[in-house]
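See structure below.
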Amino acid sequence: MNKAVIAIHGGAGAITRSQLSAEKEQQYIQALSAIIEAGQAILEAGGSALDAVTEAVRLLEENPLFNAGIGAVFTHAGTHELDACVMDGNTLNAGAVAGVSHIRNPILAARAVLEHSPHVLLISEGAETFAQQHGLEPVSSEIFSTEERWEQLQRARENHQTVLDHSSHEPLDPDHKFGTVGAVALDKFGNLAAATSTGGMTNKLPGRVGDSPIVGAGCYANNANVAVSCTGTGEVFMRTLAAYDIAALMEYGGLSLHQATERVIMEKLPALNGVGGAIAIDNEGNVALPFNSEGMYRGYGYAGDAPSVGIYRDQER
Ligand code: ASP
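So the mapping is simple: my numbering equals the position in the sequence shown, first residue as 1, plus 134.
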């Protein structure tokens with residue numbers, strides 16, 4: 135029997151000790167630890183990896199510290215367009231939504247697509263109608279708005295930039311660099327699952343979709359090898375099919391989890407100016423949390439163990 139394990143991320147970026155106040159740092163550590171513990175509790179009770187990653191991402195969406203659900207960034211038009219994906223490594227079923235503005239928890243809509251539709255990806259109004267038909271109450275998109283995100287948009291507009299939360303060159307207040315969220319898990323039955331959810335990039339064009347809801351780009355799970363959730367410059371993760379590339383390097387190239395994640399995150403993405411990271415768990419329960427940015431909000435916990443959480447580069451990962 136496997137040792138069940140969950141890993142989560144809350145985005146990667148230019149996060150350094152000098153930029154993050156001690157108080158804010160504690161808020162992140164506490165939020166990440168509590169969400170890992172919630173995932174561990176599901177796995178310890180015999181729950182599925184799919185349930186554990188869905189719940190972990192739902193909790194991350196509920197937390198305004200992170201750029202997903204409540205606290206999502208604004209588009210150029212001052213609106214919110216959210217993307218999410220969930221994948222079951224046991225069946226290779228996946229569900230995703232993109233460009234939704236009236237679903238409180240996009241990850242639950244993605245899960246509904248996985249469970250109740252023959253499709254993989256639904257967008258905008260069609261996704262919202264489908265979510266409503268499956269019991270998700272529509273919400274006003276104002277619930278996603280926060281003052282910090284609005285200020286981010288104004289600065290990005292002034293600078294004519296489309297801004298990743300985590301760009302090290304962006305002119306934004308460093309206290310406000312938050313990111314996409316994700317979770318990967320292995321349950322005690324040997325099943326892997328992955329989930330990713332995001333508000334995307336500040337000042338993105340309306341209609342822009344990133345890597346997060348694209349199977350194989352920002353999210354992938356296959357019991358044969360690995361579950362992966364990514365965060366970073368979405369367009370580069372799409373062009374490299376980063377999540378699937380990690381799985382393919384393991385499957386066809388015989389690389390270990392560590393070798394495959396290092397190859398993609400530390401070599402292939404930077405070659406195209408891709409900034410960010412990934413969390414990954416292989417089917418033996420090994421965990422990798424690599425990133426090529428200054429930091430990544432991240433952590434993991436094996437069933438029965440205390441969570442291990444990090445933000446900066448020099449912390450355990
Ligand atoms: N990858 C996400 C996107 O491009 C952004 C992020 O990770 O923060 O939409």
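Heads up, the beta-carbon is just placed ideally off N, CA and C, and yes, glycines get one too. The structure displayed is predicted, hence computed values, not measured ones.
Closest option to M430, judged by alpha-carbon separation, among N417, G173, S363 and D321: S363.
8 Å or more divides the Cβ of G366 from the Cβ of A183. For S331, DSSP records a beta bridge to A218 and V315.
A distance of 8 Å or more separates the beta carbons of V207 and A218. Under DSSP, the beta-bridge partners assigned to H143 are G316 and R432. For Y436, the closest C-alpha among the options Q160, S235, D448 and I415 is that of I415. Taken through DSSP and simplified to helix, strand or coil, V273 comes out as coil.
Its Cα nearest to that of I257, the residue P240 stands out among A377, P240, T374 and G316.
Within the stretch 319 to 373, the runs of beta strand (DSSP E) that reach at least 3 residues and sit entirely inside it are, in chain order, 326 to 332, 353 to 355 and 360 to 366.
Here the distance from the Cβ of N201 to the nearest heavy atom of ligand 1 is below 7 Å. In terms of Cα proximity to E282, the closest of F200, S275 and I399 is F200.
The beta carbons of A319 and I169 sit no closer together than 8 Å. Around the C-beta of F371, 16 or more other C-beta atoms lie within 10 Å, and the residue is accordingly described as buried. Pairing A202 with H143, the inter-Cα distance amounts to about 12 Å. No heavy atom of ligand 1 is found nearer than 7 Å to the CB of F425. The criterion of a C-beta distance shorter than 8 Å is satisfied by I413 and L423. No Cβ-Cβ contact shorter than 8 Å links N426 with N325. A261 is the residue among A261, L226 and N293 whose C-alpha sits nearest the C-alpha of L242. Using a Cβ-Cβ distance cut-off of 8 Å, the stretch 269 to 286 and the stretch 158 to 168 are not in contact, since fewer than three pairs of beta carbons, one from each stretch, lie closer than that value. For the 8 Å CB-CB criterion, S235 and H253 do not form a contact. Here the alpha carbons of H268 and R432 stand approximately 31 Å from one another.
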